[in-house]
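Participant: Can you keep this structure in mind? I'll have questions shortly.
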Amino acid sequence: MRRGDPAPHFFDESMIFSFELLYEAVVFGILLGCFYAAVSIGLSVAFGLLDVPHVAHPAVMVAGAYGTWVLAGYGFDPILAGLTLMPLFFLAGMALYRFYYEAFARRGSNAGVRGIAFFFGVALIIEVGLIVLFGVDQRTVEASYIGSSVAFGDMRIPQRFLVGGGVALVLMATLTLYLSKTFTGRAIKAVAQDEPALRLMGADPVRIKQWAFGIATAVAALSGALLIIIGPVEPALDRVYIGRTFSVVVLAGLGSMTGTLAAGLILGISESIVLMLFGASWAPAVSFGLLLLVLAVRPQGLFGR
Amino acid sequence: MKSIIRCCIALAAAAIAGAAAAQPVKIGMSMPQTGPLGAGGKAALVALHMWVEDVNAKGGLLGRQVELIAYDDQTNPALTPSIYTKLLDVDKVDLLIAPYGTVPTAPIMPLVKQRGLLLMGNFSFQVNSTVKHDMWFNNAPWNDASSWFTGYFEAGQKVGAKTIAFLAADQEFAQNLANGAKLLAKKGGLKTVYEQNYPPTTVDFSSMIRAIRSVKPDLVFVASYPNDSVAIVRAANEIGVGPSVQLFGGGMVGLQFTPNMVSLGKLLNGVVNYNSYVPGLKYPGIEDFLSRYAKKAVAEKVDPLGFYLPPFNYAIGQMLEQAVTATKSLDHRKLADYLRKNEMKTIVGPIRYGPDGEWANARVVQAQFRGVVDKDMDQFRRPGTQVVLYPGAYKTGEVIAPFEKARK
Numbered sequence: 006m007r008r009g010d011p012a013p014h015f016f017d018e019s020m021i022f023s024f025e026l027l028y029e030a031v032v033f034g035i036l037l038g039c040f041y042a043a044v045s046i047g048l049s050v051a052f053g054l055l056d057v058p059h060v061a062h063p064a065v066m067v068a069g070a071y072g073t074w075v076l077a078g079y080g081f082d083p084i085l086a087g088l089t090l091m092p093l094f095f096l097a098g099m100a101l102y103r104f105y106y107e108a109f110a111r112r113g114s115n116a117g118v119r120g121i122a123f124f125f126g127v128a129l130i131i132e133v134g135l136i137v138l139f140g141v142d143q144r145t146v147e148a149s150y151i152g153s154s155v156a157f158g159d160m161r162i163p164q165r166f167l168v169g170g171g172v173a174l175v176l177m178a179t180l181t182l183y184l185s186k187t188f189t190g191r192a193i194k195a196v197a198q199d200e201p202a203l204r205l206m207g208a209d210p211v212r213i214k215q216w217a218f219g220i221a222t223a224v225a226a227l228s229g230a231l232l233i234i235i236g237p238v239e240p241a242l243d244r245v246y247i248g249r250t251f252s253v254v255v256l257a258g259l260g261s262m263t264g265t266l267a268a269g270l271i272l273g274i275s276e277s278i279v280l281m282l283f284g285a286s287w288a289p290a291v292s293f294g295l296l297l298l299v300l301a302v303r304p305q306g307l308f309g310r
Numbered sequence: 292m293k294s295i296i297r298c299c300i301a302l303a304a305a306a307i308a309g310a311a312a313a314q315p316v317k318i319g320m321s322m323p324q325t326g327p328l329g330a331g332g333k334a335a336l337v338a339l340h341m342w343v344e345d346v347n348a349k350g351g352l353l354g355r356q357v358e359l360i361a362y363d364d365q366t367n368p369a370l371t372p373s374i375y376t377k378l379l380d381v382d383k384v385d386l387l388i389a390p391y392g393t394v395p396t397a398p399i400m401p402l403v404k405q406r407g408l409l410l411m412g413n414f415s416f417q418v419n420s421t422v423k424h425d426m427w428f429n430n431a432p433w434n435d436a437s438s439w440f441t442g443y444f445e446a447g448q449k450v451g452a453k454t455i456a457f458l459a460a461d462q463e464f465a466q467n468l469a470n471g472a473k474l475l476a477k478k479g480g481l482k483t484v485y486e487q488n489y490p491p492t493t494v495d496f497s498s499m500i501r502a503i504r505s506v507k508p509d510l511v512f513v514a515s516y517p518n519d520s521v522a523i524v525r526a527a528n529e530i531g532v533g534p535s536v537q538l539f540g541g542g543m544v545g546l547q548f549t550p551n552m553v554s555l556g557k558l559l560n561g562v563v564n565y566n567s568y569v570p571g572l573k574y575p576g577i578e579d580f581l582s583r584y585a586k587k588a589v590a591e592k593v594d595p596l597g598f599y600l601p602p603f604n605y606a607i608g609q610m611l612e613q614a615v616t617a618t619k620s621l622d623h624r625k626l627a628d629y630l631r632k633n634e635m636k637t638i639v640g641p642i643r644y645g646p647d648g649e650w651a652n653a654r655v656v657q658a659q660f661r662g663v664v665d666k667d668m669d670q671f672r673r674p675g676t677q678v679v680l681y682p683g684a685y686k687t688g689e690v691i692a693p694f695e696k697a698r699k
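The listed protein sequences correspond, in order, to chains A and B.
Under our numbering, think of the first position of the first sequence as 6, with each following residue one higher.
Under our numbering, think of the first position of the second sequence as 292, with each following residue one higher.
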């Protein structure tokens, strides 16, 4: 093959394959995976560590995205807007968990099922609330890294994905350090592993869980900022993410932060390669296919104990 | 005694007749007010309510006030059959309008055909092609697939295109469009070098744009829904489609909606896409309608310009008004006969229907975005930001190609 010739194509003409495209698909899959990890990390805390069936997590992210949109209207950078929203979402998360605990968690064995219904209700209320407040039009934000790309040789990578990946890595590292190095962080891990033991040591597991749920919700605010950086948002966008986020968390092994990143990457790279080889219609099947495979072979997830 | 009884019966009959006369004419529909078509649906509903206000101010239909009953179908085709059953059996509506869009409309076609009901279509595409209901009247500026894209492919031929790439959403409307476009491409001797259907949950389109760039097509035909259209334009700008591409666009739903146009700004430049109305097209009464609509749109938080759907929804009301007034009846068969045989006078121009219930003379606009700048909504009110390439009677300029050049 002469220099400058197009890369070789295999299969038939409708199926595009070249090593150049495969390389690009892997690179892009890594960035997409980081984004998937970022939007799943709040759920990893709420569902993975606290065992709360937080199906409203994607809806909370969408609320975070709209909050980012509002602040962006005042000139905030989207990432800064997401960070600004975190304290507010932290308090809202604490209040939401307290209500959930009083109404459902403390009332017996079928709390899980009723909890799912409760969080579906929360998701619906958030969606309707957003429609009433903002209408159903798509919303986008502007920033220097949205709509532009960085060239690496012939490959051009959208900057918004680089920013999303960077924020995801920082978020993941911060949470991992927090959970392993701080007293409250270790208490959160302890409550996930052995709640009665924590109670015997004089700590209040409900308050610890409330705190942790606040953190999960605050993280969702920042994930929401990433959501609106990556693409336009509308109130019902949560439905797109509910399957993927739960897949990432279960695939990772409940409560594992590094596992969440790894699972996000596996999902992102698999989707990207499947899309290139077999077509975009097969890409969503990857997350659920991987989930079923892992549940069959390793029910505790890739990084679960 | 007998005369007293007769008098009572007469009074009762008069009271019942009076009550019937006071009953409003109920027009029922579902409308996507949430979900992917929600933005367009809510704007369309504002226009329909404007028509209801206007017709009621003139005394209503057949001397009765008009009431519009509209339920949110969430853009979910699974919900529309039950909504229309409720409208007919519980709400007892007199007339029906279809929801905006092909996907929510398709499942109600068997129901209306079975019951022999008139249905005013609302921007659907080919939902009656297999059902063949003779009381279906679709208000959309297209009829068959060639009516959508003749302009696009004509422009493609002018710039000497030989190859084409297809990118289409994996759902009924977009697939219908893409299949029609593929037939036209084949007829025109274009070679398909890439074909990708993507599911509605697709997060990003960079991979697909990269694949398109790698096969170096002359034309890129996109049939997408609103959420995807914005993401595709962005990805095309970030990744680049390559210097080979002469035309990009075709059937992208959503690039007609003001919030999307404003948010994309100059990224739109060069895109050639279909539209129903752009400023500069002269239809009687449309400018007055749009200025009244603009005021209501702000309060309702819907598309502030409302070029795409609202005028056509107002026109649906105008057509019902014309048919009911002329036939002095709410009988569906009589109304259907009238609609089939007569020209309708509306704010989107005169409309005649063909035997399949689609416009006899299509008027789909293919326009190229030019000179669009960021953060300026008012620029879209002026003729020129969307240069009309087709139909010939309304043409305002020639296509600029290749796409990379047109973007500058």
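Ideal placement from N, C-alpha and C gives every residue a C-beta, glycine not left out.
Chain A beta carbons: is any one of them nearer than 8 Å to that of residue 310 of chain B?
Facilitator: Low confidence applies here, because residue 310 of chain B scores a pLDDT of 49, under 50, leaving its location unreliable; read the following figure in that light. Residue 310 of chain B does not count as touching chain A.
Participant: Could you tell me the boundaries of the beta strand (DSSP E) in which residue 358 of chain B lies?
Facilitator: That run of the beta strand (DSSP E) goes 357 to 363.
Participant: Using a Cβ cut-off of 8 Å, pull out every chain B residue sitting near residue 37 of chain A, in sequence order please.
Facilitator: Chain B residues near residue 37 of chain A: 494 and 495.
Participant: Using the three-state DSSP reduction, which class does residue 292 of chain B fall into: helix, strand or coil?
Facilitator: Low per-residue confidence applies at residue 292 of chain B: pLDDT is 49, beneath 50, and the placement is therefore not dependable, though the value from the model is reported in the following sentence. Three-state result, residue 292 of chain B: coil.
Participant: Using a beta-carbon distance below 8 Å, is residue 33 of chain A in contact with chain B?
Facilitator: At least one chain B Cβ lies under 8 Å of residue 33 of chain A.
Participant: With a threshold of 16 other CB atoms inside 10 Å of the CB of residue 684 of chain B, please say whether the residue is buried or exposed.
Facilitator: Exposed.
Participant: Examine chain A for any beta-carbon lying closer than 8 Å to the beta-carbon of residue 406 of chain B, and answer yes or no.
Facilitator: So, not an interface residue.
Participant: Which value, in whole angstroms, describes the spacing of the CA atoms of residue 689 of chain B and residue 159 of chain A?
Facilitator: The alpha-carbon atoms of residue 689 of chain B and residue 159 of chain A are separated by roughly 33 Å.
Participant: Out of curiosity, what's the CA-to-CA distance linking residue 232 of chain A and residue 39 of chain A?
Facilitator: Cα to Cα, residue 232 of chain A sits roughly 12 Å from residue 39 of chain A.
Participant: Are the C-beta of residue 265 of chain A and some C-beta of chain B separated by less than 8 Å?
Facilitator: Chain B, which has no Cβ nearer than 8 Å to the Cβ of residue 265 of chain A, makes this no.
Participant: Could you tell me which chain B residues have their CB closer than 7 Å to the CB of residue 30 of chain A, listed as they occur along the chain?
Facilitator: The answer, in chain order, is 498.
Participant: Let's test the definition: count the other Cβ atoms within 10 Å of the Cβ of residue 17 of chain A and tell me whether it reaches 16, buried, or not, exposed.
Facilitator: For residue 17 of chain A, the pLDDT reaches just 44, beneath the cut-off of 50, and the residue's location in the model is therefore unreliable, leaving the point undetermined.
Participant: Report the three-state DSSP secondary structure of residue 499 of chain B (helix, strand or coil).
Facilitator: Correct three-state label for residue 499 of chain B: helix.
Participant: Would you call the stretch 466 to 486 of chain B and the stretch 219 to 237 of chain A touching, i.e. three or more CB-CB distances under 8 Å?
Facilitator: At 8 Å Cβ cutoff, the stretches do not touch.
Participant: Determine the direct distance from the alpha carbon of residue 89 of chain A to that of residue 75 of chain A, and round the result to whole angstroms.
Facilitator: The alpha-carbon atoms of residue 75 of chain A and residue 89 of chain A are separated by roughly 12 Å.
Participant: Bridge partners for residue 485 of chain B per DSSP, in chain order?
Facilitator: B:456, per the DSSP bridge assignment.
Participant: Cβ closer than 9 Å: which chain A residues qualify as neighbours of residue 570 of chain B?
Facilitator: Neighbours of residue 570 of chain B on chain A: none; closest Cβ ~20 Å, over 9 Å.
Participant: By a C-beta neighbour count over all protein chains shown, 10 Å radius and 16 as the cutoff for buried, is residue 289 of chain A buried or exposed?
Facilitator: With 16 or more other Cβ atoms within 10 Å, it is buried.
Participant: Return no unless some Cβ of chain B is closer than 8 Å to the Cβ of residue 26 of chain A.
Facilitator: Chain B contact via Cβ: present.
Participant: Count the other CB atoms, across all protein chains shown, that sit within 10 Å of the CB of residue 214 of chain A; report buried if there are 16 or more and exposed otherwise.
Facilitator: With 16 or more other Cβ atoms within 10 Å, it is buried.
Participant: What does residue 154 of chain A touch in chain B if you count any residue whose Cβ is under 7 Å from its own?
Facilitator: Going along chain B in sequence order, the residues near residue 154 of chain A (Cβ under 7 Å) are 529 and 530.
Participant: For residue 158 of chain A and chain B, any beta-carbon pair shorter than 8 Å?
Facilitator: No - not a single Cβ of chain B is within 8 Å of the one on residue 158 of chain A.
Participant: Excluding the five sequence neighbours on either side, which residues of its own chain have a C-beta within less than 6 Å of the C-beta of residue 694 of chain B, listed in chain order?
Facilitator: So the list reads 536, 539 and 561, once near-sequence residues are dropped.
Participant: Whose CA, out of B:322, B:335, B:386 and B:375, lies closest to the CA of residue 620 of chain B?
Facilitator: Comparing Cα-Cα distances from residue 620 of chain B to each of B:322, B:335, B:386 and B:375, the minimum goes to B:386.
Participant: Can you tell me whether residue 303 of chain A is helix, strand or coil according to DSSP?
Facilitator: Residue state, collapsed to three classes: coil.
Participant: Using the DSSP secondary-structure output, state which residues sit across from residue 642 of chain B in a beta bridge.
Facilitator: Bridge partners of residue 642 of chain B: B:635.
Participant: Tell me which residues share the same chain as residue 383 of chain B and place their Cβ nearer than 8 Å to its Cβ, disregarding the 5 neighbours each side in the sequence.
Facilitator: Closer than 8 Å at the Cβ level, and outside the excluded window around residue 383 of chain B, lie 317.
Participant: Taking the DSSP output, what are the residues bridged to residue 700 of chain B?
Facilitator: This structure does not reach residue 700 of chain B, given that chain B is present from 292 up to 699, and the question cannot be answered.
Participant: Taking the alpha helix (DSSP H) that residue 317 of chain B belongs to, which residues open and close that run?
Facilitator: Not the alpha helix (DSSP H): residue 317 of chain B falls in the beta strand (DSSP E), residues 316 to 322.
Participant: Taking a Cβ distance cut-off of 7 Å, strictly less, list which residues of the stretch 179 to 209 of chain A are near chain B, in chain order.
Facilitator: Flagged: no residues at all.
Participant: I need the straight-line Cα distance from residue 657 of chain B to residue 85 of chain A, nearest angstrom please.
Facilitator: For residue 657 of chain B and residue 85 of chain A, the distance between alpha carbons rounds to 41 Å.
Participant: Below 8 Å on the Cβ atoms is my contact criterion, and I expect residue 309 of chain A with residue 248 of chain A to pass it. Report the Cβ-Cβ distance as a whole number of Å.
Facilitator: Rounded, the Cβ-Cβ distance is 20 Å, inconsistent with contact.
Participant: Give the single residue among A:304, A:216 and A:162 whose Cα lies nearest to the Cα of residue 255 of chain A.
Facilitator: Comparing Cα positions, the closest option is A:304.
Participant: Who pairs with residue 388 of chain B in a beta bridge, going by DSSP?
Facilitator: Partner(s): B:411.
Participant: With distance defined between alpha-carbon atoms, name the residue in B:366, B:315, B:469 and B:332 nearest to residue 343 of chain B.
Facilitator: The shortest C-alpha separation from residue 343 of chain B is found at B:315.
Participant: Between the stretch 656 to 672 of chain B and the stretch 550 to 561 of chain B, do at least 3 Cβ pairs fall closer than 8 Å?
Facilitator: With the cut-off at 8 Å, the stretch 656 to 672 of chain B and the stretch 550 to 561 of chain B touch.
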